[in-house]
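Visitor:
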Amino acid sequence: MLKFNANRMPMSDRIETLRDYTNDYHKSVVSPEKFWSEIAENFDWRKKWDQVLSWDFETPKISWFENAELNLTENIFERLLPTHENKTAIIWEPNDPKKNPIHLTYGELFKATCKFANAMKSQGVNKGDRVIIYMPMVPEAAVAMLACARVGAVHSVVFAGFSSSALADRINDCQAKMILTSDGNFRGNKNIQVKAVVDEALNNTEFVEKVIVLKRTGEAVEMIPGRDLWWDEALEGQSEDHLAEVMSAEDLLFILYTSGSTGKPKGVVHTTAGYMVYTYYSFLNVFQYDADDVYWCTADIGWITGHSYIVYGPLLAGATTLMFEGVPTYPHPGRFWEIVEKYKVNQFYTAPTAIRALQVHGTEPVEKFDLSSLKVIGSVGEPINEEAWHWYHEHVGKGNCPLVDTWWQTETGGIMISPLAGITPNKPAHASLPLPGVQPVIVDSEGNELEGNNVEGNLCIKYPWPSMIRTTYGDHQRCKDTYFSTYKGMYFTGDGVKRDHDGFLRILGRVDDVINVSGHRMGTAEVENAINEHSNVIESAVVGYPHEIKGQGIYAFAICDSLDKSAEVLEDEIKQLVRKIIGPIAKPEHVQIVSGLPKTRSGKIMRRILRKVASRDLSNLGDISTLLNPEVVDDIIKGAGLD
Ligand code: 7RM
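Quick note: the sequence shown uses this note's numbering, first residue 9, plus one each step.
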């Protein structure tokens, strides 16, 4: 079926029936190279590939569309402009509903991208250079990403809620040459400093040569001559034409930092061609986007969801993508639904934590607005509990919108396991079935594949897909150790999973020391390191516990030496310190000062026991007699008020 009345017809890759899905899935497993090369044929290549795929999960080394040449932005602009010049690419809804929104057509977005690409070039950015984007949710942030891709610079977007030290770590790790930022950021009724955070970060780094600052809030900021310039100044006199840099298929497109179970966040590396093909394909199929639809993903571009499903996937598919600057509850808890009504949003994609936060306000704010435009609703970031699933399905989707529960990760680049809206069946709280091209396996602790239904274990992927992680920036060994060493010959996700009696997959959450707070990943080690910076802290242990709204909350246990400060003061200081070192999202919900931490004889902290205490559930505490110091357990239980 022709969806675009034009000769370029990207919709031909859309699966239309359950039968298509079954056939395509089968084909993608039997002949993956044929399958993906046919999808890749939709794009404009400066030079075609010599080989579709070469790979080994040992090194690991993964190469898709080898030796092909292209520029991703030519596949958004030059490829689509003949049919999309006047179609809206980005709708921007500001934080303050009384202020004017912005509509950018593909033609306008192209000009803005080229102009900014030229500005970046004039300021010394070249192919391969790393550029940090530390910006609010404004159209310029998307333009910045696209301009980087246009000139072949590698962007690394850092969520603008991260602290200056978290930002400095990322600048240093990727040796960024430039930072794109803003004076400030409007979020709800807050006005957040952005440039000041950058300035502080830059005291501790030496790589950044230029900072380009967008005027957003208008507050006074310090501009350092020679280093800092305003966005408008940078654009002055720049041409709206720019000839795209020719990139190799495996040239870096971006780095995105994400937390793991050990050490500092790692820079997940995504490359050009595979990421392009996969985000386009998955966007089109999961959301079943139709040519005139308005699609809205509420994520921030600081996370992978914003990269793949606000910017790249939708724009590559010629979609209209909505970008929202604000928060779900400002100025009222019906804001999301007001926006759905205002723009007649057809596909709406958000996180379970947002649903749960809105659920608290009851159904009145939802019923106040006309949501009849909605065709598909989606969920991402963490397991969605059945109650939230049903509330979302019934009150937002009015019982007749497919709910796509999309499981994926920063490392996978795109959606891996999810219903395809209206095509494959919906089952509450189940991510359900893999997309074509994705080969998930469930393994036991020895790495044996558990076949058949009614099995539970760890989730691995046994075959490459185009948008998979290629390396962790600057440290390939870490990539190998983290993802490819636990189970030989497979990519290990870090998630537990169950295949039910119908063969549907249900993601059970992390099996490693990663906590998922409101859909944001936090490493326990990362939080512990921040806590240990406190001069009175001797040792700490951090665990996650079930939290009604956030999914998981952070609970910290700390041994302190100071006897002249009250526990209350210490607890508060520790919370504030974590907030300062990492950012508000990492601030522990609870800090408990303890006399000791439960240790095994080999000196490992028994987190299992701490998790039980944090969850306020002392059933099945398990055997504690093997502990080095079983007596501390009673103290900890008492200290938590559970005795
Ligand atoms: C897209 C994103 C990845 C982790 C992942 C899971 C959890 C994400 C779902 C989910 C259950 C889902 N990238 N997760 N989506 N768990 N159902 N639909 O969130 O790198 O920030 O996080 O998030 O544990 O490993 S991420």
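Yeah, the Cβ is synthetic: ideal placement off N, Cα and C, and Gly gets one too.
#1: According to DSSP, simplified to helix, strand and coil, what is T608?
#2: By how many angstroms is the C-alpha of W311 removed from the C-alpha of P273?
#3: Closest Cβ-Cβ distance between L324 and chain D: below 8 angstroms?
#4: Starting from the Cα of F377, find the closest Cα among W397, G389, H340 and give me that residue.
#5: Taking the beta strand (DSSP E) that T329 falls in, what are its first and last residues?
#6: Look at the alpha carbon of V216 and the alpha carbon of D191, and state the distance between them as a whole number of angstroms.
#7: Can you list, in chain order, the residues of its chain whose CB lies under 6 angstroms from that of Q246, leaving out five sequence neighbours each side?
#8: How many Å lie between P596 and I141 at the Cα?
#9: Taking contact to mean 3 or more Cβ pairs, one atom from each stretch, closer than 8 angstroms, check whether the segment 586-606 and the segment 508-521 are in contact.
#10: Only counting the same chain, and skipping five residues up and downstream in sequence, which positions put a Cβ closer than 8 angstroms to that of L237?
#11: Can you list, in chain order, the residues of its chain with a C-beta nearer than 8 angstroms to that of V522? Leave out the 5 residues immediately preceding and following it.
#12: For P592, collect the residues of the same chain with a Cβ closer than 8 angstroms to its Cβ; drop the 5 residues on either side in sequence, then sort them by chain order.
#13: Nearest by alpha-carbon distance to H72: which of G282, G611, G226, P105 is it?
#14: Measuring CA to CA, which of M614, A564, N544, D21 is closest to D572?
#15: Any contact between the segment 205-212 and the segment 559-568? By contact I mean 3 or more CB pairs, one from each, below 8 angstroms.
#16: Does C156 come out as helix, strand or coil in the three-state DSSP assignment?
#17: Among K135, A155, D298, which one has its Cα closest to the Cα of S256?
#18: Taking the straight line between their C-alpha atoms, what separation do you get for Y286 and G389?
#19: Drop a sphere of 10 angstroms on the beta-carbon of R235, count the other beta-carbons inside from all chains shown, and report buried for 16 or more, exposed for fewer.
#20: Taking only the alpha-carbon atoms, compute the straight-line gap between K583 and A648 and give it to the nearest angstrom.
#21: Could you check what DSSP says for T371 in three-state terms: helix, strand or coil?
#22: Give the C-beta separation of F51 and N83 to the nearest angstrom, bearing in mind that I take them to be a contact with Cβ-Cβ under 8 angstroms.
#23: On the DSSP bridge assignment, give the partners of H528 in chain order.
#24: Restricting to Cα atoms, I'd like to know which of S603, H250, A48, T371 is closest to Y289.
#25: Can you tell me whether N15 is helix, strand or coil according to DSSP?
#26: Could you tell me whether any non-hydrogen atom of the ligand 7RM is closer than 7 angstroms to the CB of E208?
Guide: On the basis of the coordinates in this document:
#1: Note: T608 maps to coil in three-state DSSP.
#2: If I take the Cα positions, the gap works out to 13 angstroms.
#3: Note that chain D does not occur in the displayed structure, where there is just one protein chain.
#4: H340
#5: It spans 328-332 - the beta strand (DSSP E) in which T329 sits, taken as one unbroken run.
#6: 17 angstroms
#7: K123, N126, A127
#8: 27 angstroms
#9: no
#10: Excluding residues up to 5 positions away in sequence, Q131, K218, V219, I220, V221, M231 lie with their Cβ nearer than 8 angstroms to the Cβ of L237 in the same chain.
#11: S267, G268, S269, G502, R529, M530, G531, T532
#12: G169
#13: Correcting the residue identity first, residue 72 is Trp in this sequence and not His. Checked all of G282, G611, G226, P105; the closest Cα to W72 is G282.
#14: N544
#15: no
#16: helix
#17: Nearest C-alpha to S256: K135.
#18: 19 angstroms
#19: exposed
#20: 17 angstroms
#21: coil
#22: 5 angstroms
#23: V525
#24: It is A48.
#25: With a pLDDT of only 38 at N15, under 50, the local geometry of the prediction cannot be trusted, and no value is derived from it.
#26: Within the chosen limit of 7 angstroms, the ligand 7RM does not reach the beta carbon of E208 with any heavy atom.
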